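**Q**
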Amino acid sequence: MAAKASTPAVELEVGEQTVRISNPDRLYFPALGLTKLDLAQYYVAVGDGIVRALRERPCMLHRYPTGVEGEKVHQKRIPHGAPPWVDTVRVHFPRYNRTADEFCVTELAQVIWAVQMSTVEFHPWNSRRADVERPDEWRIDLDPMPLAPFERVQRAAAVTHEILDELGAAGWPKTSGGSGLHVYVRIAPEHGFAEVRRAALAFAREVERRLPDDVTTTWWRRDRDPAAVFVDYNQNARDHTIASAYSVRGFPDARVSAPLTWDEVADVDPRELTVVTMPERYAALGDLHAGIDAAVFDISPLLDWAERDEKAGALTPTDPETDGDPAS
Ligand SMILES: [Mn+2]
């Protein structure tokens with residue numbers, strides 16, 4: 031056998047493409063003995079799910095060229111040397127008056143190519159290339175402050191579900207892969223980022239009204255109760271991204287942002303949903319977010335809430351990126 035440093039590349043057949051994985055034995059998660067090839071095989075195992083989560087969205091890559099204990103690279107521009115079958119979408123950054131060609135998934139082989147380029151985490155926009163300036167995904171990010179127990183996040187999620195039901199909106203919960211929970215809602219791409227963010231803030235205020243001891247929407251981090259759950263409506267601002275469904279996180283325990291059923295939210299332990307455990311779960315349950323594209327919600331009632339709250343004196347803090355939002 032060759033020495034470890036020169037382990038031959040492995041070729042994976044993924045759909046129509048052959049993807050070469052160099053350094054397949056490189057340890058990406060040393061604590062668990064998981065290699066770059068293990069990571070690629072994880073993404074193949076949840077293939078339809080990760081493609082559904084990323085499809086046609088500008089996508090930022092979090093790369094770890096020497097594994098998750100090494101340097102992390104935040105990559106907006108697609109790395110050089112991409113094969114012609116890797117799609118991109120051009121996005122404009124008004125604040126800097128620059129453009130970038132970002133990674134844009136249309137088939138699974140592209141995800142595996144990104145792993146070959148040492149990507150661990152996938153952070154897609156909440157809009158798609160047909161109209162990058164109009165989000166089609168409202169993201170409810172339940173973000174525990176450092177001292178908030180996970181039970182508070184679970185309570186915030188239950189109330190989120192209750193309010194979404196009252197609105198007639200289908201919400202799709204997942205673990206964040208860190209210590210929080212995310213709920214995504216498919217919306218029609220009819221509003222700019224600023225309006226979607228304003229709707230998300232109005233919703234967040236309603237969660238706070240129902241759980242005043244558990245939840246905060248306070249803008250300044252230093253003013254927030256350190257044991258509260260922050261409903262981070264700002265994740266709906268332009269060019270703000272969070273880890274997608276099925277994205278692995280760059281933590282030593284190889285956690286994944288894992289789709290859940292609503293029934294699971296009350297009992298879930300996010301630490302159990304990892305690169306190691308997810309393939310079997312996915313094989314048994316399929317993609318729990320498979321219905322998301324068919325359940326489109328009209329955010330008009332939330333914009334009415336926003337108007338009502340603003341008339342009563344509530345402020346919508348501005349976001350530096352949103353200030354340059356061409357569609358706002
Ligand atoms: Mn979060």
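Under the numbering used here, the sequence shown has 199 at position 169, and the numbering climbs by one with no breaks. Glycine included, every Cβ here is placed at the ideal spot set by N, Cα and C. Everything numeric in this text was worked out from a predicted model, so none of it was measured.
In chain order, which continuous runs of the alpha helix (DSSP H) of length 4 or greater are located wholly inside the stretch 164-228?
**A** Taking only runs of at least 4 residues, the alpha helix (DSSP H) segments lying wholly in the stretch 164-228 are 180-197.
**Q** Quick one: Cα of residue 45 to Cα of residue 189, how far?
**A** By 1-based counting over the sequence shown, the position of residue 45 is 15. By 1-based counting over the sequence shown, the position of residue 189 is 159. Those two C-alpha atoms are separated by around 41 Å.
**Q** I'd like to confirm something about residue 262: is its beta-carbon nearer than 7 Å to some heavy atom of ligand 1, or not?
**A** Locating residue 262 in the sequence shown gives position 232, where the first residue counts as 1. True, at least one ligand heavy atom lies under 7 Å from that Cβ.
**Q** Only counting the same chain, and skipping five residues up and downstream in sequence, which positions put a Cβ closer than 8 Å to that of residue 289?
**A** The residue labelled residue 289 in the question sits at position 259 within the sequence shown. Result list for residue 289: 79, 202, 203, 204, 275, 276, 317, 318 and 319, in chain order.
**Q** Please look up how many angstroms separate the CB atoms of residue 256 and residue 209, rounded, as I've assumed it's under 8 Å.
**A** Translated into positions along the sequence shown, residue 256 becomes position 226. Translated into positions along the sequence shown, residue 209 becomes position 179. About 13 Å; that fails the 8 Å criterion.
**Q** Measure from the alpha carbon of residue 249 to the alpha carbon of each residue in 239, 242, 231 and 237, then state which is nearest.
**A** Residue numbering aside, residue 249 sits at position 219 when the sequence shown is read from its first letter. Of the listed residues, the one whose Cα sits closest to residue 249 is 231.
**Q** To the nearest angstrom, report how far apart residue 152 and residue 145 are at their CA atoms.
**A** To locate residue 152, count along the sequence shown from 1; it is residue 122. To locate residue 145, count along the sequence shown from 1; it is residue 115. So the two alpha carbons sit approximately 10 Å from each other.
**Q** If you reduce the DSSP assignment to three classes, tell me which class residue 86 lands in.
**A** By one-based count along the sequence shown, residue 86 stands at place 56. The answer is coil: DSSP assigns residue 86 none of H, G, I, E or B.
**Q** State the DSSP-derived secondary structure class of residue 353, mapped to helix, strand or coil.
**A** Counted from its first residue, the sequence shown places residue 353 at position 323. With a pLDDT of only 46 at residue 353, under 50, the local geometry of the prediction cannot be trusted, and the value read off the model is given with reservation. The answer is helix: DSSP assigns residue 353 an H, G or I state.
**Q** For residue 51, which beta-bridge partners are listed by DSSP?
**A** If you number the sequence shown from 1, residue 51 lands on position 21. Residue 51 pairs with 40.
**Q** Considering residue 57, what are the terminal residues of the beta strand (DSSP E) in which it resides?
**A** Your numbering for residue 57 matches position 27 in the sequence shown. 57-59 is the span of the beta strand (DSSP E), which, as asked, contains residue 57.
**Q** List in chain order: all unbroken beta strand (DSSP E) runs of 3+ residues lying wholly within the stretch 74-137.
**A** List check, beta strand (DSSP E) in window: 88-93, 103-105, 118-123 and 128-134.
**Q** Quick one: what does DSSP say residue 281 is sitting in, helix, strand or coil?
**A** For the purposes of this step, residue 281 is taken as residue 251 along the sequence shown, with counting starting at 1. Coil.
**Q** Excluding the 5 residues flanking residue 41 on each side, which residues of the same chain have their C-beta closer than 8 Å to its C-beta?
**A** The residue given as residue 41 occupies position 11 in the sequence shown. Excluding residues within five positions, the ones whose Cβ falls inside 8 Å are 48, 49, 50 and 51.
**Q** Does the count of Cβ pairs from the stretch 151-167 and the stretch 216-236 closer than 8 Å reach three?
**A** Touching, per the Cβ criterion.
**Q** With a cut-off of 8 Å on the beta carbons, I'd call residue 295 and residue 286 a contact; round off their distance for me.
**A** For the purposes of this step, residue 295 is taken as residue 265 along the sequence shown, with counting starting at 1. For the purposes of this step, residue 286 is taken as residue 256 along the sequence shown, with counting starting at 1. Actually they do not touch by this definition, with Cβ atoms about 16 Å apart.
**Q** Considering only C-alpha positions, which residue in the set 238, 72 and 215 is nearest to residue 310?
**A** Walking along the sequence shown from the start, residue 310 turns up at place 280. Comparing Cα-Cα distances from residue 310 to each of 238, 72 and 215, the minimum goes to 72.
**Q** Any heavy atom of ligand 1 inside 7 Å of the beta-carbon of residue 173?
**A** Translated into positions along the sequence shown, residue 173 becomes position 143. Yes - ligand 1 has a heavy atom lying nearer than 7 Å to the Cβ of residue 173.
**Q** Taking buried to mean at least 16 other C-beta atoms within 10 Å of its own C-beta, is residue 348 buried or exposed?
**A** As a working mapping, residue 348 is identified with position 318 in the sequence shown. Classification for residue 348: exposed.
**Q** Buried or exposed, going by whether 16 or more other CB atoms sit within 10 Å of the CB of residue 66?
**A** Looking up residue 66 in the sequence shown gives position 36. It counts as buried.
**Q** Answer with buried or exposed for residue 338, where buried requires no fewer than 16 other C-beta atoms within 10 angstroms of its C-beta.
**A** On the sequence shown, residue 338 is found 308 positions in, with the first residue counted as 1. That one is exposed.
**Q** Per DSSP, residue 152 is paired with what?
**A** For the purposes of this step, residue 152 is taken as the residue at position 122 of the sequence shown. The partner list for residue 152 (beta bridge, DSSP) reads 91.
**Q** Please classify residue 31 as buried or exposed, where buried requires at least 16 other C-beta atoms within 10 Å of its C-beta.
**A** Counting from 1 along the sequence shown, the entry for residue 31 is found at position 1. Any reading at residue 31 must be qualified, since the residue scores a pLDDT of 46, below 50, and its modelled position is unreliable; no value is offered.
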